[in-house]
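Sequence order for the protein chains is G and Y.
Residues in the first sequence are numbered from 1 upward in steps of one, following our numbering.
Residues in the second sequence are numbered from 1 upward in steps of one, following our numbering.
For each residue, glycine too, the CB sits at the ideal point set by N, CA and C.
Here's the structure, in structure tokens; my notes come after.
Protein chains: 2
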Amino acid sequence: MALAHTILVVLASEPRSGYDVSKQFDESLGCYWKASQQQVYRELAKMEQQGWVHFETIPQVGKPDKKIYHLTEQGQQELMKWFAMPTDPTPIREDLLVKVLAGPYIPRKLLLKELHHRRQKHLDQLTFYQKKEASYHSMPAIDLAEQFRYLTLRRGLRYETAWIDWCDEVLAFLEKMPSDESQ
Amino acid sequence: MALAHTILVVLASEPRSGYDVSKQFDESLGCYWKASQQQVYRELAKMEQQGWVHFETIPQVGKPDKKIYHLTEQGQQELMKWFAMPTDPTPIREDLLVKVLAGPYIPRKLLLKELHHRRQKHLDQLTFYQKKEASYHSMPAIDLAEQFRYLTLRRGLRYETAWIDWCDEVLAFLEKMPSDESQ
DNA sequence: TTTTCATATTCAACTTGTTGGATATGGTGC
DNA sequence: GCACCATATCCAACAAGTTGAATATGAAAA
Numbered sequence: 001m002a003l004a005h006t007i008l009v010v011l012a013s014e015p016r017s018g019y020d021v022s023k024q025f026d027e028s029l030g031c032y033w034k035a036s037q038q039q040v041y042r043e044l045a046k047m048e049q050q051g052w053v054h055f056e057t058i059p060q061v062g063k064p065d066k067k068i069y070h071l072t073e074q075g076q077q078e079l080m081k082w083f084a085m086p087t088d089p090t091p092i093r094e095d096l097l098v099k100v101l102a103g104p105y106i107p108r109k110l111l112l113k114e115l116h117h118r119r120q121k122h123l124d125q126l127t128f129y130q131k132k133e134a135s136y137h138s139m140p141a142i143d144l145a146e147q148f149r150y151l152t153l154r155r156g157l158r159y160e161t162a163w164i165d166w167c168d169e170v171l172a173f174l175e176k177m178p179s180d181e182s183q
Numbered sequence: 001m002a003l004a005h006t007i008l009v010v011l012a013s014e015p016r017s018g019y020d021v022s023k024q025f026d027e028s029l030g031c032y033w034k035a036s037q038q039q040v041y042r043e044l045a046k047m048e049q050q051g052w053v054h055f056e057t058i059p060q061v062g063k064p065d066k067k068i069y070h071l072t073e074q075g076q077q078e079l080m081k082w083f084a085m086p087t088d089p090t091p092i093r094e095d096l097l098v099k100v101l102a103g104p105y106i107p108r109k110l111l112l113k114e115l116h117h118r119r120q121k122h123l124d125q126l127t128f129y130q131k132k133e134a135s136y137h138s139m140p141a142i143d144l145a146e147q148f149r150y151l152t153l154r155r156g157l158r159y160e161t162a163w164i165d166w167c168d169e170v171l172a173f174l175e176k177m178p179s180d181e182s183q
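Take a look at the structure:
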């Protein structure tokens, strides 16, 4: 259900086409909510049927007509209803944790490679976030929406940092362990 | 695909029934891989068809026959193949982040309630992990499998800590902000 | 004594997410 | 000139995850 509500939030600030909504996911929301283009289109069609959004068709030449979606009164009410419902933490599903659990069966070299690989990924992401963060600090004033966006960025920073620290801890642990018993 | 491989890892240490595998998910894996009983049963059936596992039927009175699944040679090979494939971070989908992004539209009181609620949830989980951690430290010696399990627990600790810290940061931020402009 | 829990599996229907393709055109880089 | 990318939507098929129920019994708790 939450994908629909995320789209409602995106549309709340400004009416957009499915293509634009999808771009928003890729560009700025992606860090904490990933959705493919197909998902966005399908969800918008469903939301339109439910009366949460309406669209105006804008004819174009050489391209399919643009459908600009906007919230309806009902959509806004739905959003308010969702705001009032407490959210639970998303269940975690992390391959890497399973691989660490499988430590006794996995060749030590592979496990080390995995951890180094993942550490780098999270470091890259962290660096990206840090640049974004710096750009916030260099701005003279930011509006309310930007302030909230900044808070979500802070979550991203903490998330990546926690991953990197854990990778380091595991790597240190593995180095102290007796060398590979499984292979 | 990873659910199947997680089940393979669980079965690698010891043959089990679907019921037992499901219990493992609920009891110890749940923190980083959640799977419902239905998922486990369906996945095991599929894995059996693919030849990754076999089962022996153990007749029981008053209950359905127990099916004890164990890895096949092919299943072990599959596991090794999976070990060799790099894993990517799981895409994040967090309602709470969307609600914070929706800050300008959501009544301040509701947002504060959400954050307090979530902080408490993560604190409860953290406390639970800390008790587990303490029990590791009180053991005289732990075997290899337990050492790896301990590392996954460390991930849980860091995960919950990062959430709590972020909740605190957002709460502090909101208190400094001008009072609710949306309601 | 009745209810609830633990055991053990299965079916059905549904929602959500993924993958790959089709369609059509104008602009940019090599 | 040709490959590729951005624009803009849609379809189909599949994989994964959720929800609710049916079946059956013995043991423990209220």
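Asked, Found
"As assigned by DSSP and simplified to three states, the class of SER138 of chain Y", "coil"
"C-beta neighbour in chain G for ILE58 of chain Y, strict 8 Å", "no"
"PHE83 of chain G: contacting residues in chain Y (beta-carbon distance under 9 Å)", "LYS99, ALA102, TYR105, ILE106, PRO107, LEU110, LEU111 and GLU114"
"Any C-beta of chain Y under 8 Å from that of PRO91 of chain G", "yes"
"Secondary structure of THR57 of chain Y, DSSP reduced to three states", "strand"
"Nearest-angstrom beta carbon gap, LEU153 of chain Y and PHE173 of chain G [assumed within contact, 8 Å]", "Not quite, the Cβ-Cβ distance comes to about 12 Å (not below 8 Å), so this is no contact."
"8 Å Cβ cutoff met for HIS70 of chain G and LEU11 of chain G", "yes"
"Three-state class that DSSP yields for LYS176 of chain Y in the structure shown", "helix"
"Partner residues on chain Y for TYR159 of chain G, Cβ-Cβ distance less than 7 Å", "ALA162"
"Collapsed DSSP secondary structure at SER189 of chain G in the structure displayed", "The requested residue 189 of chain G is not part of the displayed model; chain G covers only 1 to 183."
"Min CB distance HIS70 of chain G to chain Y below 8 Å", "no"
"Beta-carbon separation (whole angstroms), LYS132 of chain G vs GLU114 of chain G, contact threshold 8 Å", "With a Cβ gap of about 27 Å, LYS132 of chain G and GLU114 of chain G do not count as contacting."
"Alpha-carbon to alpha-carbon, ASP20 of chain G and TYR136 of chain Y", "51 Å"
"Contacts that TYR41 of chain Y makes with chain G (C-beta to C-beta distance below 7 Å)", "Those within 7 Å of TYR41 of chain Y in chain G number zero; the least Cβ separation is about 18 Å."
"SER182 of chain Y versus ALA102 of chain Y: straight-line alpha-carbon distance, rounded", "Residue confidence is low: SER182 of chain Y scores 47 on pLDDT, short of 50, so the model does not pin down where it sits. Its coordinate-derived value is still stated next. For SER182 of chain Y and ALA102 of chain Y, the distance between alpha carbons rounds to 11 Å."
"Rounded C-alpha distance that separates PRO185 of chain Y from LEU96 of chain G", "Summary: the structure shown does not reach residue 185 of chain Y, with chain Y confined to residues 1 through 183, and so no result is reported for it."
"Buried versus exposed call for SER22 of chain G [16 or more other C-beta atoms within 10 Å across all chains shown]", "buried"
"Beta-carbon contacts of ARG158 of chain G that lie in its chain and below 7 Å, excluding the five residues immediately before and after", "none"
"Where TRP33 of chain G sits in the DSSP three-state scheme", "strand"
"Min CB distance LYS34 of chain Y to chain G below 8 Å", "yes"
"Bounding residues of the beta strand (DSSP E) (the contiguous stretch that carries LYS66 of chain Y)", "66 to 71"
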